[in-house]
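Following my numbering, the numbering of the sequence shown begins with 2 at its first residue and continues without gaps.
Ideal Cβ placement from N, Cα and C applies to all residues, glycine included.
These numbers come from a predicted model, not from an experiment.
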Amino acid sequence: MRETEPAGSLWRHRDFMLLWGGQSVSLVGAQVTVLALPLLAALTLHASTFQVALLTSFSTLPWLLFSLPGGVIVDRSRKRNVMLWCDVARFAVLCTVPVAAALDVLSLVQLYAVALVSGTLAVLFNSAYLSFPGILLTKSQLVDANGKVSTVSAAAGVVGPGSAGFLVALVGAATAVTADAVSYLASAACLLLVRFREPRPAPKPASDRGFRRELSAGLRIIVADRILTFVTISNSLGNFLLAAISSVWVLYAVRELGWSAQTVGLVGGISAVGGVIGSLIAKPLVKRYGLVRILLFSPIPFAPGQIAAGYVLPGLSGQIMVTIGFTVTLASALTYNIAQRSYRMASCPKEMLGRLNATASWLQWGLRPLAGVAGGALGTVLGLRPTVLLFAWLLPLVAVILWLSPLRKERAAERSPVLPVPAASGAPGGGEPTVISGEREHLAAGTAAQAPRYDRSGGQHPPRRHGPGT
(Lines of atoms letter the chains of each structure in order from A and count residues from 1; the text may use other names and numbers.)
(Lines give C-alpha, C1' and ligand atoms only; values in the text may rest on other atoms or scores of the structure.)
Protein backbone atom coordinates (compact mmCIF):
# COMPACT_ATOMS: atom_id res chain seq x y z
CA MET A 1 0.00 0.00 0.00
CA ARG A 2 1.08 3.56 -0.53
CA GLU A 3 1.33 6.01 2.28
CA THR A 4 -1.77 8.10 2.82
CA GLU A 5 -0.31 11.54 3.41
CA PRO A 6 -2.55 14.27 2.02
CA ALA A 7 -1.72 15.39 -1.47
CA GLY A 8 0.73 18.28 -1.52
CA SER A 9 2.08 17.66 1.98
CA LEU A 10 5.51 16.32 1.05
CA TRP A 11 7.20 18.62 3.57
CA ARG A 12 5.39 16.61 6.27
CA HIS A 13 5.94 13.26 4.57
CA ARG A 14 8.62 11.80 6.85
CA ASP A 15 9.73 8.95 4.61
CA PHE A 16 9.97 11.06 1.47
CA MET A 17 11.96 13.71 3.31
CA LEU A 18 14.40 11.05 4.53
CA LEU A 19 14.73 9.60 1.04
CA TRP A 20 15.13 13.06 -0.47
CA GLY A 21 17.51 14.29 2.23
CA GLY A 22 19.81 11.29 2.06
CA GLN A 23 20.10 11.48 -1.69
CA SER A 24 20.70 15.24 -1.47
CA VAL A 25 23.76 14.71 0.73
CA SER A 26 25.18 12.04 -1.57
CA LEU A 27 24.60 14.25 -4.63
CA VAL A 28 26.78 16.97 -3.10
CA GLY A 29 29.42 14.40 -2.22
CA ALA A 30 29.38 12.94 -5.71
CA GLN A 31 30.49 16.30 -7.12
CA VAL A 32 33.82 15.79 -5.37
CA THR A 33 34.51 12.54 -7.20
CA VAL A 34 33.39 13.97 -10.54
CA LEU A 35 36.14 16.58 -10.24
CA ALA A 36 38.70 14.62 -8.22
CA LEU A 37 39.10 11.50 -10.38
CA PRO A 38 40.02 13.36 -13.61
CA LEU A 39 42.35 15.65 -11.64
CA LEU A 40 44.00 12.63 -10.01
CA ALA A 41 44.53 11.06 -13.41
CA ALA A 42 45.78 14.25 -15.09
CA LEU A 43 47.86 15.89 -12.36
CA THR A 44 48.97 13.06 -10.06
CA LEU A 45 49.30 10.16 -12.52
CA HIS A 46 50.14 12.40 -15.54
CA ALA A 47 47.59 10.67 -17.76
CA SER A 48 47.15 11.57 -21.41
CA THR A 49 44.03 13.18 -22.87
CA PHE A 50 42.73 9.80 -24.06
CA GLN A 51 43.43 8.12 -20.71
CA VAL A 52 41.54 10.82 -18.80
CA ALA A 53 38.61 10.60 -21.22
CA LEU A 54 38.47 6.84 -20.63
CA LEU A 55 37.45 7.57 -17.04
CA THR A 56 34.16 8.88 -18.40
CA SER A 57 33.76 5.72 -20.46
CA PHE A 58 34.37 3.42 -17.51
CA SER A 59 31.99 5.34 -15.24
CA THR A 60 29.20 5.29 -17.84
CA LEU A 61 29.80 1.84 -19.37
CA PRO A 62 27.51 0.21 -16.74
CA TRP A 63 24.56 2.16 -18.19
CA LEU A 64 25.09 0.23 -21.42
CA LEU A 65 25.89 -3.15 -19.87
CA PHE A 66 23.71 -3.35 -16.79
CA SER A 67 20.73 -1.00 -17.11
CA LEU A 68 18.36 -3.62 -18.55
CA PRO A 69 19.20 -6.50 -16.18
CA GLY A 70 19.36 -3.96 -13.35
CA GLY A 71 15.77 -2.94 -14.03
CA VAL A 72 14.61 -6.54 -13.82
CA ILE A 73 16.53 -7.04 -10.57
CA VAL A 74 14.98 -3.90 -9.09
CA ASP A 75 11.45 -4.96 -10.05
CA ARG A 76 12.09 -8.36 -8.46
CA SER A 77 13.41 -6.82 -5.24
CA ARG A 78 12.42 -4.38 -2.52
CA LYS A 79 13.72 -1.08 -3.82
CA ARG A 80 14.71 0.34 -0.44
CA ASN A 81 16.99 -2.64 0.17
CA VAL A 82 18.61 -2.23 -3.25
CA MET A 83 19.36 1.44 -2.54
CA LEU A 84 20.69 0.66 0.94
CA TRP A 85 23.19 -1.97 -0.20
CA CYS A 86 24.32 0.16 -3.15
CA ASP A 87 25.13 3.05 -0.80
CA VAL A 88 27.16 0.82 1.53
CA ALA A 89 29.06 -0.72 -1.38
CA ARG A 90 29.86 2.68 -2.91
CA PHE A 91 31.28 3.82 0.43
CA ALA A 92 33.63 0.83 0.48
CA VAL A 93 34.72 1.23 -3.14
CA LEU A 94 35.52 4.94 -2.88
CA CYS A 95 37.49 4.46 0.33
CA THR A 96 40.06 2.46 -1.65
CA VAL A 97 41.21 5.64 -3.44
CA PRO A 98 42.59 7.59 -0.44
CA VAL A 99 43.96 4.37 1.06
CA ALA A 100 45.87 3.52 -2.13
CA ALA A 101 47.12 7.10 -2.42
CA ALA A 102 48.37 7.03 1.17
CA LEU A 103 50.24 3.79 0.44
CA ASP A 104 51.59 5.29 -2.82
CA VAL A 105 50.12 2.47 -4.92
CA LEU A 106 47.37 4.41 -6.71
CA SER A 107 47.21 3.66 -10.44
CA LEU A 108 45.08 4.41 -13.48
CA VAL A 109 43.87 0.81 -13.47
CA GLN A 110 42.46 1.33 -9.97
CA LEU A 111 40.75 4.58 -10.98
CA TYR A 112 39.16 2.80 -13.94
CA ALA A 113 38.01 -0.02 -11.65
CA VAL A 114 36.55 2.43 -9.13
CA ALA A 115 34.74 4.29 -11.91
CA LEU A 116 33.33 1.03 -13.32
CA VAL A 117 32.16 -0.45 -10.02
CA SER A 118 30.76 2.85 -8.76
CA GLY A 119 28.95 3.31 -12.05
CA THR A 120 27.41 -0.16 -11.82
CA LEU A 121 26.13 0.54 -8.31
CA ALA A 122 24.79 3.90 -9.49
CA VAL A 123 22.78 2.15 -12.22
CA LEU A 124 21.08 -0.12 -9.68
CA PHE A 125 20.55 2.69 -7.18
CA ASN A 126 19.05 5.10 -9.70
CA SER A 127 16.68 2.51 -11.11
CA ALA A 128 15.36 1.84 -7.61
CA TYR A 129 15.41 5.52 -6.60
CA LEU A 130 13.39 6.66 -9.61
CA SER A 131 10.85 3.89 -9.04
CA PHE A 132 10.43 4.14 -5.26
CA PRO A 133 8.34 7.36 -5.22
CA GLY A 134 5.77 5.65 -7.45
CA ILE A 135 5.21 3.19 -4.60
CA LEU A 136 5.74 5.52 -1.66
CA LEU A 137 3.61 8.46 -2.85
CA THR A 138 0.19 9.08 -4.34
CA LYS A 139 -0.13 10.09 -7.98
CA SER A 140 -1.00 13.69 -7.15
CA GLN A 141 2.27 14.08 -5.20
CA LEU A 142 4.60 12.84 -7.93
CA VAL A 143 5.04 16.02 -9.98
CA ASP A 144 5.84 17.92 -6.78
CA ALA A 145 8.28 15.17 -5.82
CA ASN A 146 9.99 15.39 -9.23
CA GLY A 147 10.38 19.13 -8.79
CA LYS A 148 11.88 18.77 -5.32
CA VAL A 149 14.30 16.06 -6.44
CA SER A 150 15.44 18.15 -9.42
CA THR A 151 15.78 21.30 -7.30
CA VAL A 152 18.10 19.58 -4.84
CA SER A 153 20.02 17.96 -7.67
CA ALA A 154 20.56 21.41 -9.17
CA ALA A 155 21.43 22.89 -5.78
CA ALA A 156 24.02 20.15 -5.33
CA GLY A 157 25.44 21.31 -8.63
CA VAL A 158 25.78 24.80 -7.14
CA VAL A 159 27.35 23.80 -3.85
CA GLY A 160 29.22 20.72 -5.02
CA PRO A 161 31.66 21.88 -7.71
CA GLY A 162 32.84 24.94 -5.80
CA SER A 163 33.20 22.96 -2.58
CA ALA A 164 34.92 20.17 -4.48
CA GLY A 165 37.40 22.55 -6.07
CA PHE A 166 38.39 24.13 -2.78
CA LEU A 167 38.44 20.76 -1.00
CA VAL A 168 40.72 19.28 -3.65
CA ALA A 169 43.01 22.31 -3.36
CA LEU A 170 42.99 22.07 0.44
CA VAL A 171 43.56 18.35 1.08
CA GLY A 172 44.35 16.89 -2.33
CA ALA A 173 42.17 15.03 -4.80
CA ALA A 174 42.65 11.57 -3.28
CA THR A 175 41.74 12.60 0.26
CA ALA A 176 38.81 14.66 -1.00
CA VAL A 177 37.17 11.49 -2.38
CA THR A 178 36.59 10.49 1.25
CA ALA A 179 33.91 13.17 1.47
CA ASP A 180 31.94 11.43 -1.27
CA ALA A 181 32.35 8.07 0.47
CA VAL A 182 30.99 9.47 3.73
CA SER A 183 28.02 11.01 1.90
CA TYR A 184 26.90 7.53 0.84
CA LEU A 185 26.96 6.42 4.47
CA ALA A 186 24.69 9.37 5.29
CA SER A 187 22.30 8.32 2.52
CA ALA A 188 22.27 4.75 3.83
CA ALA A 189 21.49 5.99 7.34
CA CYS A 190 18.50 7.95 6.04
CA LEU A 191 17.21 4.88 4.19
CA LEU A 192 17.46 2.84 7.38
CA LEU A 193 15.15 5.35 9.09
CA VAL A 194 12.44 5.07 6.40
CA ARG A 195 9.44 3.39 8.05
CA PHE A 196 7.56 2.45 4.90
CA ARG A 197 8.03 -1.20 4.03
CA GLU A 198 7.48 -2.06 0.42
CA PRO A 199 5.44 -5.24 -0.08
CA ARG A 200 7.31 -8.19 -1.50
CA PRO A 201 7.02 -8.07 -5.31
CA ALA A 202 4.17 -10.28 -6.48
CA PRO A 203 5.06 -13.44 -8.42
CA LYS A 204 4.97 -12.96 -12.16
CA PRO A 205 2.23 -14.69 -14.19
CA ALA A 206 3.49 -17.76 -16.02
CA SER A 207 3.24 -15.97 -19.38
CA ASP A 208 5.36 -13.08 -18.09
CA ARG A 209 8.16 -15.12 -16.55
CA GLY A 210 11.59 -15.42 -18.05
CA PHE A 211 14.48 -13.04 -17.62
CA ARG A 212 14.78 -12.36 -21.34
CA ARG A 213 11.09 -11.46 -21.65
CA GLU A 214 11.33 -9.13 -18.67
CA LEU A 215 14.41 -7.48 -20.17
CA SER A 216 12.49 -6.59 -23.32
CA ALA A 217 9.31 -5.38 -21.59
CA GLY A 218 10.51 -1.79 -21.12
CA LEU A 219 11.80 -1.63 -24.68
CA ARG A 220 8.42 -2.77 -26.05
CA ILE A 221 6.74 0.13 -24.25
CA ILE A 222 9.11 2.65 -25.83
CA VAL A 223 8.95 1.22 -29.35
CA ALA A 224 5.13 1.10 -29.27
CA ASP A 225 4.81 4.87 -28.83
CA ARG A 226 6.21 7.11 -31.59
CA ILE A 227 6.41 10.17 -29.34
CA LEU A 228 8.36 8.21 -26.76
CA THR A 229 10.63 6.87 -29.49
CA PHE A 230 11.50 10.36 -30.78
CA VAL A 231 12.07 11.77 -27.28
CA THR A 232 14.34 8.84 -26.42
CA ILE A 233 16.37 9.36 -29.62
CA SER A 234 16.68 13.06 -28.83
CA ASN A 235 17.72 12.36 -25.24
CA SER A 236 20.26 9.76 -26.37
CA LEU A 237 21.88 12.17 -28.82
CA GLY A 238 21.98 14.95 -26.24
CA ASN A 239 23.55 12.69 -23.63
CA PHE A 240 26.14 11.46 -26.13
CA LEU A 241 27.19 14.96 -27.19
CA LEU A 242 27.31 16.38 -23.67
CA ALA A 243 29.24 13.33 -22.42
CA ALA A 244 31.77 13.76 -25.22
CA ILE A 245 32.29 17.40 -24.23
CA SER A 246 32.43 16.46 -20.55
CA SER A 247 35.09 13.81 -21.17
CA VAL A 248 37.60 16.47 -22.27
CA TRP A 249 36.23 19.50 -20.42
CA VAL A 250 38.49 19.40 -17.35
CA LEU A 251 41.58 18.97 -19.51
CA TYR A 252 40.39 21.73 -21.86
CA ALA A 253 39.84 24.13 -18.97
CA VAL A 254 43.16 23.31 -17.29
CA ARG A 255 45.46 22.99 -20.31
CA GLU A 256 43.89 25.25 -22.95
CA LEU A 257 42.39 27.96 -20.74
CA GLY A 258 44.89 27.75 -17.88
CA TRP A 259 42.24 27.41 -15.17
CA SER A 260 43.09 26.13 -11.70
CA ALA A 261 41.10 23.39 -9.95
CA GLN A 262 39.41 26.09 -7.85
CA THR A 263 38.38 28.01 -10.97
CA VAL A 264 36.95 24.89 -12.62
CA GLY A 265 34.93 24.15 -9.50
CA LEU A 266 33.86 27.77 -9.00
CA VAL A 267 32.62 28.20 -12.58
CA GLY A 268 30.76 24.91 -12.33
CA GLY A 269 29.21 25.87 -9.02
CA ILE A 270 28.05 29.33 -10.08
CA SER A 271 26.64 28.14 -13.40
CA ALA A 272 24.76 25.37 -11.61
CA VAL A 273 22.49 28.11 -10.23
CA GLY A 274 20.86 27.79 -13.64
CA GLY A 275 19.79 24.30 -12.70
CA VAL A 276 18.12 25.59 -9.55
CA ILE A 277 16.33 28.25 -11.57
CA GLY A 278 15.19 25.70 -14.13
CA SER A 279 13.86 23.33 -11.49
CA LEU A 280 11.91 26.15 -9.80
CA ILE A 281 10.33 27.59 -12.95
CA ALA A 282 9.42 24.27 -14.58
CA LYS A 283 6.15 23.76 -12.74
CA PRO A 284 4.72 27.28 -13.33
CA LEU A 285 5.87 27.18 -16.96
CA VAL A 286 4.13 23.86 -17.54
CA LYS A 287 1.00 25.18 -15.85
CA ARG A 288 0.97 28.29 -18.03
CA TYR A 289 2.09 26.96 -21.40
CA GLY A 290 1.45 23.23 -21.27
CA LEU A 291 3.79 20.29 -21.06
CA VAL A 292 4.18 19.79 -24.81
CA ARG A 293 5.33 23.36 -25.49
CA ILE A 294 7.91 23.12 -22.70
CA LEU A 295 9.20 19.85 -24.15
CA LEU A 296 9.56 21.48 -27.56
CA PHE A 297 11.06 24.84 -26.59
CA SER A 298 13.24 24.06 -23.53
CA PRO A 299 15.96 22.15 -25.50
CA ILE A 300 16.59 25.10 -27.84
CA PRO A 301 18.99 26.92 -25.42
CA PHE A 302 21.10 23.76 -24.85
CA ALA A 303 23.70 24.60 -27.50
CA PRO A 304 24.71 28.31 -27.27
CA GLY A 305 26.55 28.03 -23.96
CA GLN A 306 28.50 24.96 -25.05
CA ILE A 307 29.41 26.59 -28.37
CA ALA A 308 30.59 29.75 -26.61
CA ALA A 309 32.80 27.66 -24.30
CA GLY A 310 34.70 26.43 -27.34
CA TYR A 311 35.62 29.95 -28.46
CA VAL A 312 36.64 31.62 -25.18
CA LEU A 313 40.20 32.69 -24.44
CA PRO A 314 42.13 32.41 -21.16
CA GLY A 315 41.33 35.04 -18.58
CA LEU A 316 38.45 36.46 -16.58
CA SER A 317 36.31 37.34 -19.60
CA GLY A 318 36.36 33.72 -20.73
CA GLN A 319 35.40 32.53 -17.27
CA ILE A 320 32.44 34.94 -17.19
CA MET A 321 31.29 33.91 -20.67
CA VAL A 322 31.44 30.20 -19.84
CA THR A 323 29.61 30.78 -16.56
CA ILE A 324 26.76 32.64 -18.28
CA GLY A 325 26.53 30.12 -21.10
CA PHE A 326 26.50 27.11 -18.79
CA THR A 327 23.91 28.79 -16.55
CA VAL A 328 21.51 29.11 -19.49
CA THR A 329 22.22 25.54 -20.59
CA LEU A 330 21.51 24.12 -17.15
CA ALA A 331 18.35 26.17 -16.64
CA SER A 332 16.87 24.87 -19.87
CA ALA A 333 18.10 21.33 -19.23
CA LEU A 334 16.49 21.09 -15.78
CA THR A 335 13.23 22.52 -17.08
CA TYR A 336 13.23 19.95 -19.86
CA ASN A 337 14.10 17.06 -17.56
CA ILE A 338 11.26 17.79 -15.15
CA ALA A 339 8.81 18.10 -18.04
CA GLN A 340 9.87 14.87 -19.69
CA ARG A 341 9.86 12.94 -16.42
CA SER A 342 6.35 14.08 -15.61
CA TYR A 343 5.24 13.20 -19.14
CA ARG A 344 6.54 9.64 -18.82
CA MET A 345 5.41 9.20 -15.25
CA ALA A 346 1.72 9.33 -16.07
CA SER A 347 1.45 5.96 -17.71
CA CYS A 348 3.42 3.00 -16.45
CA PRO A 349 2.08 0.33 -14.06
CA LYS A 350 4.11 0.39 -10.86
CA GLU A 351 5.26 -3.20 -11.40
CA MET A 352 7.02 -1.99 -14.56
CA LEU A 353 8.69 1.14 -13.16
CA GLY A 354 12.11 -0.41 -12.64
CA ARG A 355 12.27 -1.94 -16.11
CA LEU A 356 10.96 1.13 -17.89
CA ASN A 357 13.35 3.45 -16.05
CA ALA A 358 16.20 1.05 -16.72
CA THR A 359 15.37 0.76 -20.41
CA ALA A 360 15.13 4.53 -20.78
CA SER A 361 18.48 4.87 -19.00
CA TRP A 362 20.02 2.20 -21.21
CA LEU A 363 18.87 3.90 -24.40
CA GLN A 364 19.66 7.44 -23.24
CA TRP A 365 22.89 6.82 -21.31
CA GLY A 366 24.23 3.69 -22.95
CA LEU A 367 26.10 5.70 -25.59
CA ARG A 368 28.05 7.69 -23.00
CA PRO A 369 30.96 5.20 -22.85
CA LEU A 370 31.38 5.57 -26.60
CA ALA A 371 31.16 9.33 -26.14
CA GLY A 372 34.11 9.22 -23.75
CA VAL A 373 36.15 7.21 -26.24
CA ALA A 374 35.14 9.54 -29.09
CA GLY A 375 35.96 12.63 -27.04
CA GLY A 376 39.34 11.26 -26.02
CA ALA A 377 40.25 10.09 -29.51
CA LEU A 378 39.23 13.32 -31.23
CA GLY A 379 40.85 15.36 -28.46
CA THR A 380 44.10 13.55 -29.16
CA VAL A 381 43.88 13.85 -32.95
CA LEU A 382 42.20 17.23 -33.44
CA GLY A 383 43.04 18.96 -30.17
CA LEU A 384 40.86 19.87 -27.21
CA ARG A 385 39.29 23.09 -28.52
CA PRO A 386 38.22 21.69 -31.93
CA THR A 387 36.73 18.67 -30.17
CA VAL A 388 34.63 20.82 -27.84
CA LEU A 389 33.42 22.91 -30.79
CA LEU A 390 32.60 19.90 -32.96
CA PHE A 391 30.28 18.31 -30.41
CA ALA A 392 28.83 21.65 -29.32
CA TRP A 393 27.78 22.54 -32.87
CA LEU A 394 25.90 19.23 -33.14
CA LEU A 395 23.75 19.99 -30.07
CA PRO A 396 21.02 21.90 -31.99
CA LEU A 397 20.01 18.54 -33.48
CA VAL A 398 18.51 17.61 -30.10
CA ALA A 399 15.77 20.22 -30.53
CA VAL A 400 15.42 19.55 -34.26
CA ILE A 401 14.54 15.89 -33.62
CA LEU A 402 11.75 16.88 -31.23
CA TRP A 403 10.34 19.41 -33.68
CA LEU A 404 10.26 16.73 -36.39
CA SER A 405 8.42 14.30 -34.11
CA PRO A 406 4.66 13.78 -33.61
CA LEU A 407 5.11 15.73 -30.38
CA ARG A 408 4.80 18.97 -32.36
CA LYS A 409 1.18 18.15 -33.15
CA GLU A 410 0.38 16.61 -29.78
CA ARG A 411 -2.02 18.50 -27.54
CA ALA A 412 -2.75 15.78 -25.00
CA ALA A 413 -0.91 17.46 -22.16
CA GLU A 414 -1.54 21.13 -22.84
CA ARG A 415 -3.32 21.78 -19.55
CA SER A 416 -2.29 18.88 -17.35
CA PRO A 417 1.15 18.35 -15.80
CA VAL A 418 0.34 14.67 -15.34
CA LEU A 419 -1.52 12.74 -18.00
CA PRO A 420 -4.35 10.55 -16.69
CA VAL A 421 -3.89 7.10 -18.16
CA PRO A 422 -6.49 4.37 -17.75
CA ALA A 423 -4.96 0.96 -17.17
CA ALA A 424 -5.93 -1.42 -19.93
CA SER A 425 -7.47 -4.72 -19.01
CA GLY A 426 -4.84 -7.31 -18.43
CA ALA A 427 -2.15 -4.78 -17.66
CA PRO A 428 -0.36 -5.28 -14.37
CA GLY A 429 -1.50 -2.92 -11.70
CA GLY A 430 -4.73 -2.16 -13.52
CA GLY A 431 -6.96 0.40 -11.93
CA GLU A 432 -4.87 3.29 -10.67
CA PRO A 433 -2.68 5.24 -13.08
CA THR A 434 0.89 5.52 -11.86
CA VAL A 435 3.84 7.69 -12.67
CA ILE A 436 7.39 7.42 -13.95
CA SER A 437 9.56 9.92 -15.93
CA GLY A 438 10.00 11.12 -19.57
CA GLU A 439 7.42 10.51 -22.30
CA ARG A 440 4.15 8.56 -22.62
CA GLU A 441 4.16 4.78 -22.55
CA HIS A 442 1.25 2.41 -22.05
CA LEU A 443 1.64 -1.34 -21.67
CA ALA A 444 -1.26 -3.73 -22.01
CA ALA A 445 -0.59 -7.37 -22.81
CA GLY A 446 2.49 -6.41 -24.80
CA THR A 447 0.84 -3.58 -26.77
CA ALA A 448 0.48 0.16 -26.34
CA ALA A 449 -2.74 1.53 -24.86
CA GLN A 450 -3.09 5.24 -25.42
CA ALA A 451 -4.41 7.80 -22.97
CA PRO A 452 -7.47 9.89 -23.77
CA ARG A 453 -6.63 13.30 -25.20
CA TYR A 454 -7.79 16.53 -23.62
CA ASP A 455 -8.37 19.81 -25.39
CA ARG A 456 -8.01 23.26 -23.88
CA SER A 457 -11.60 23.30 -22.67
CA GLY A 458 -11.15 20.05 -20.80
CA GLY A 459 -13.13 17.99 -23.30
CA GLN A 460 -12.09 14.42 -23.91
CA HIS A 461 -11.33 12.97 -27.33
CA PRO A 462 -10.96 9.33 -28.32
CA PRO A 463 -7.48 7.88 -27.95
CA ARG A 464 -5.12 8.65 -30.82
CA ARG A 465 -2.56 6.00 -31.67
CA HIS A 466 1.10 6.74 -32.30
CA GLY A 467 2.23 3.14 -32.37
CA PRO A 468 3.31 0.98 -35.29
CA GLY A 469 0.75 0.20 -37.90
CA THR A 470 -0.96 3.59 -37.80
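query	result
Proximal residues to residue 150 (C-beta, below 7 Å), its chain only, five neighbours per side dropped	21
Min CB distance residue 335 to chain C below 7 Å	In the displayed structure, chain C is absent; only one protein chain is listed.
Classification of residue 11 by the beta-carbon crowding that lies within 10 angstroms, buried from 16 upward	buried
Straight-line gap, residue 404 to residue 261 (C-alpha atoms, nearest Å)	40 Å
Selected residue, minimal CA-CA separation from residue 15, among 148, 111, 195	195
Range covered by the alpha helix (DSSP H) that runs through residue 288	274-290
Distance between residue 283 and residue 200 (C-alpha atoms, nearest Å)	33 Å
Close Cβ partners of residue 71 (< 6 Å) along its chain, the five nearest in sequence each way excluded	124, 125, 128, 359
Identity of the residue in 33, 368, 146, 18 nearest residue 270 by Cα	33
Supposed close pair residue 43, residue 244 - CB separation, criterion 8 Å	Residue 43 to residue 244, Cβ: 18 Å. No contact.
Nonlocal neighbours in the same chain, by C-beta distance under 6 Å from residue 235, ignoring five residues either side	399, 402, 403
Alpha-carbon spacing of residue 288 relative to residue 255, whole angstroms	42 Å
Whether residue 94 touches residue 83 by CB criterion (7 Å)	no
For residue 197, three-class secondary structure by DSSP	coil
Buried versus exposed call for residue 277 [16 or more other C-beta atoms within 10 Å across all chains shown]	buried
Residue of 130, 286, 392 minimising C-alpha distance to residue 311	392
For residue 184 and residue 26, believed in contact at Cβ under 8 Å, the rounded distance	5 Å
Collapsed DSSP secondary structure at residue 301 in the structure displayed	coil
When 377, 339, 407, 369 are compared against residue 153, the one with the closest alpha-carbon	339
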